[in-house]
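*Asks:*
2 protein chains.
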Amino acid sequence: MDAATALTIYKIYLERYVTFNIEEWEAFTKHVTFTKLKKKQHYATADTVCDKFGFLVSGSVRYYHIINGEDITSYFSFEQEFTSSYKSFLTRTPTITYIQALEETRLINISYHAFQQMLADPLLAHKMERFGRLVAEHYLCCYEDRVASFITQSPEERYLQLLQTGKDILQRMPQHYIAHYLGITPVSLSRIRKRILEPVIK
Amino acid sequence: MDAATALTIYKIYLERYVTFNIEEWEAFTKHVTFTKLKKKQHYATADTVCDKFGFLVSGSVRYYHIINGEDITSYFSFEQEFTSSYKSFLTRTPTITYIQALEETRLINISYHAFQQMLADPLLAHKMERFGRLVAEHYLCCYEDRVASFITQSPEERYLQLLQTGKDILQRMPQHYIAHYLGITPVSLSRIRKRILEPVIK
DNA sequence: TTAATTTCTTATCTTTTGTTAACGTTTTGA
DNA sequence: TCAAAACGTTAACAAAAGATAAGAAATTAA
Numbered sequence: 074m075d076a077a078t079a080l081t082i083y084k085i086y087l088e089r090y091v092t093f094n095i096e097e098w099e100a101f102t103k104h105v106t107f108t109k110l111k112k113k114q115h116y117a118t119a120d121t122v123c124d125k126f127g128f129l130v131s132g133s134v135r136y137y138h139i140i141n142g143e144d145i146t147s148y149f150s151f152e153q154e155f156t157s158s159y160k161s162f163l164t165r166t167p168t169i170t171y172i173q174a175l176e177e178t179r180l181i182n183i184s185y186h187a188f189q190q191m192l193a194d195p196l197l198a199h200k201m202e203r204f205g206r207l208v209a210e211h212y213l214c215c216y217e218d219r220v221a222s223f224i225t226q227s228p229e230e231r232y233l234q235l236l237q238t239g240k241d242i243l244q245r246m247p248q249h250y251i252a253h254y255l256g257i258t259p260v261s262l263s264r265i266r267k268r269i270l271e272p273v274i275k
Numbered sequence: 074m075d076a077a078t079a080l081t082i083y084k085i086y087l088e089r090y091v092t093f094n095i096e097e098w099e100a101f102t103k104h105v106t107f108t109k110l111k112k113k114q115h116y117a118t119a120d121t122v123c124d125k126f127g128f129l130v131s132g133s134v135r136y137y138h139i140i141n142g143e144d145i146t147s148y149f150s151f152e153q154e155f156t157s158s159y160k161s162f163l164t165r166t167p168t169i170t171y172i173q174a175l176e177e178t179r180l181i182n183i184s185y186h187a188f189q190q191m192l193a194d195p196l197l198a199h200k201m202e203r204f205g206r207l208v209a210e211h212y213l214c215c216y217e218d219r220v221a222s223f224i225t226q227s228p229e230e231r232y233l234q235l236l237q238t239g240k241d242i243l244q245r246m247p248q249h250y251i252a253h254y255l256g257i258t259p260v261s262l263s264r265i266r267k268r269i270l271e272p273v274i275k
């Protein structure tokens with residue numbers, strides 16, 4: 074896949090947030106960069122500032138923390154989604170999260186500097202403010218649901234809900250990553266799965 | 074406290090996001106409404122669309138869910154913060170969260186309709202896009218930390234962290250609300266507190 | 001292809017949390 | 001002011017989850 078194809082995919086996706094005319098699109102694309110990550114390569118690294126905000130043209134990533142030397146997965150992103158260590162990107166402070174490609178992954182990036190430049194460019198400013206607002210609002214909504222799931226549901230209920238709504242995660246992620254994403258250990262998830270199946274057999 | 078005083082407090086607070094000139098401020102204030110809630114009154118109710126986005130001039134609120142008939146607190150907001158059932162407000166879908174005043178509480182509100190009107194008004198559009206973006210980004214950062222706390226920390230660790238960073242919550246909220254906010258039962262929080270104190274005594 | 005690694009399950013034991021109930025204290029509201 | 005309600009702690013028991021280890025199955029990579 075070449076850059077032009079990737080940009081076309083990006084442009085179509087972006088239209089759910091904002092529509093650029095030809096002139097604006099030309100100015101916008103001058104500010105983006107392309108990344109190709111091999112499996113297991115990192116997009117962001119803990120203790121460093123995540124300087125970019127990426128769109129996954131293809132592939133997938135996981136977000137993880139290192140806690141007492143152990144690798145704890147907290148989230149996933151797939152093709153046609155954004156990725157970044159948002160707080161780090163927005164506040165320019167070091168992140169505590171690693172973002173790692175789980176397969177060969179292509180991204181289109183906006184650096185913090187490019188974002189600020191576009192916000193300062195009269196041609197793009199208004200649409201970039203709107204774009205930033207709508208993207209932040211979108212993730213705010215996702216997070217609201219995710220926090221509510223930790224407050225109001227048991228691990229088993231969270232897993233049962235994932236069975237309803239988490240097709241990509243279930244089909245494409247190993248179970249021990251899913252366990253940590255649900256806030257439990259892999260051993261515990263294995264037991265939950267057994268609990269759920271057993272009543273059917275009996 | 075009169076409306077003018079409340080508006081002055083609001084204006085000063087908003088300057089961390091966006092600064093209005095006199096003309097813009099006059100236009101902006103035409104779109105806001107005032108609410109005064111008595112203790113235990115609701116700002117938002119589950120199964121209805123939360124149509125407003127509020128700023129707490131004074132007082133405090135808690136967010137809670139009703140799960141199997143039981144009241145589960147998930148969050149708090151205090152004076153000089155915003156409040157809303159954001160997802161419901163942004164997507165115009167029914168919320169699952171109640172927002173209740175915990176004391177006499179004064180708010181300044183922007184309705185969904187007012188927000189859209191301001192976004193469509195050339196005088197205010199750009200600053201409102203920016204305002205919306207920065208507020209959403211701010212809450213995105215808060216949520217990122219909160220989700221990470223559920224993935225990477227035990228309930229005891231979350232409580233120990235709250236002791237460091239949650240002065241308002243600890244001093245102004247009853248312990249059973251704090252317990253649910255941490256994702257555990259009140260009985261369990263009482264035990265955690267005992268565990269933490271005991272090593273000091275021995 | 002095959003050896004190494006990763007992944008998932010299972011078992012055992014420990015720790016933590018949930019549930020329920022009782023009790024004393026504090027707060028609230030009529 | 002005083003009865004009722006709310007709040008926090010503790011106890012006892014049940015349920016769930018964490019830790020560790022072992023072993024089988026699947027995947028990966030040389």
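Here the protein sequences come in this chain order: Y and G. Counting with our numbering, you get residues 74 to 275 for the letters of the first sequence. Counting with our numbering, you get residues 74 to 275 for the letters of the second sequence. We put the CB at the ideal spot given by N, CA and C, even for glycine. Quick caveat, the model's predicted, so the values are computed rather than measured.
What ranges does the beta strand (DSSP E) occupy inside the stretch 177 to 241 of chain G, keeping only unbroken runs of at least 3 residues that lie completely in it?
*Replies:* The stretch 177 to 241 of chain G contains these whole beta strand (DSSP E) runs: 178 to 184.
*Asks:* DSSP on residue 138 of chain Y, reduced to helix/strand/coil?
*Replies:* It is a strand residue.
*Asks:* Any beta carbon of chain Y sitting closer than 9 angstroms to that of residue 214 of chain G?
*Replies:* It does: the Cβ of residue 214 of chain G has a partner Cβ on chain Y nearer than 9 angstroms.
*Asks:* In angstroms, rounded to a whole number, what distance separates the CA positions of residue 230 of chain Y and residue 209 of chain G?
*Replies:* Straight-line Cα distance between these residues: approximately 29 angstroms.
*Asks:* Indicate the three-state DSSP secondary structure (helix, strand or coil) for residue 101 of chain Y in the structure shown.
*Replies:* Helix.
*Asks:* Quick check on residue 93 of chain Y: does DSSP put it in helix, strand or coil?
*Replies:* The answer is coil: DSSP assigns residue 93 of chain Y none of H, G, I, E or B.
*Asks:* Is it a yes or a no for the stretch 150 to 169 of chain G touching the stretch 181 to 201 of chain Y, going by three-plus beta-carbon pairs under 8 angstroms?
*Replies:* The answer is no - the stretch 181 to 201 of chain Y does not touch the stretch 150 to 169 of chain G, with fewer than three Cβ pairs under 8 angstroms.
*Asks:* Do you know how far the Cα of residue 157 of chain Y is from the Cα of residue 94 of chain Y?
*Replies:* Using only the alpha carbons, I get a separation of about 26 angstroms.
*Asks:* Indicate whether the contact test is met: 3 or more Cβ pairs, each with one atom in the stretch 116 to 133 of chain G and one in the stretch 77 to 92 of chain G, closer than 8 angstroms.
*Replies:* Yes: the two stretches touch, three or more of their Cβ pairs being nearer than 8 angstroms.
*Asks:* Taking the beta carbon of residue 74 of chain Y as the centre, do at least 16 other beta carbons fall within 10 Å, making it buried, or is it exposed?
*Replies:* Counting Cβ neighbours within 10 Å, residue 74 of chain Y comes out exposed, since fewer than 16 surround it.
*Asks:* Is residue 82 of chain Y helix, strand or coil by DSSP?
*Replies:* Residue state, collapsed to three classes: helix.
*Asks:* Does the Cβ-Cβ distance between residue 253 of chain G and residue 224 of chain Y come in under 9 angstroms?
*Replies:* In contact: residue 253 of chain G and residue 224 of chain Y (Cβ atoms closer than 9 angstroms).
*Asks:* For a contact defined as C-beta to C-beta under 7 angstroms, what are the partners of residue 256 of chain G on chain Y?
*Replies:* By Cβ distance, chain Y contributes 223, 224.
*Asks:* Quick one: list the residues of chain Y neighbouring residue 219 of chain G, beta-carbon separation under 7 angstroms, in chain order.
*Replies:* Per Cβ cutoff of 7 angstroms: 220.
*Asks:* Grouping DSSP H, G and I as helix and E and B as strand, with all else coil, what is residue 173 of chain G?
*Replies:* Strand, per DSSP.
*Asks:* So, are the CB atoms of residue 235 of chain Y and residue 216 of chain G less than 9 angstroms apart?
*Replies:* No, they are not a contact pair.
*Asks:* Looking at residue 135 of chain G: is its Cβ nearer than 9 angstroms to the Cβ of residue 118 of chain G?
*Replies:* It is not a contact, given that the beta carbons lie outside the stated cut-off.
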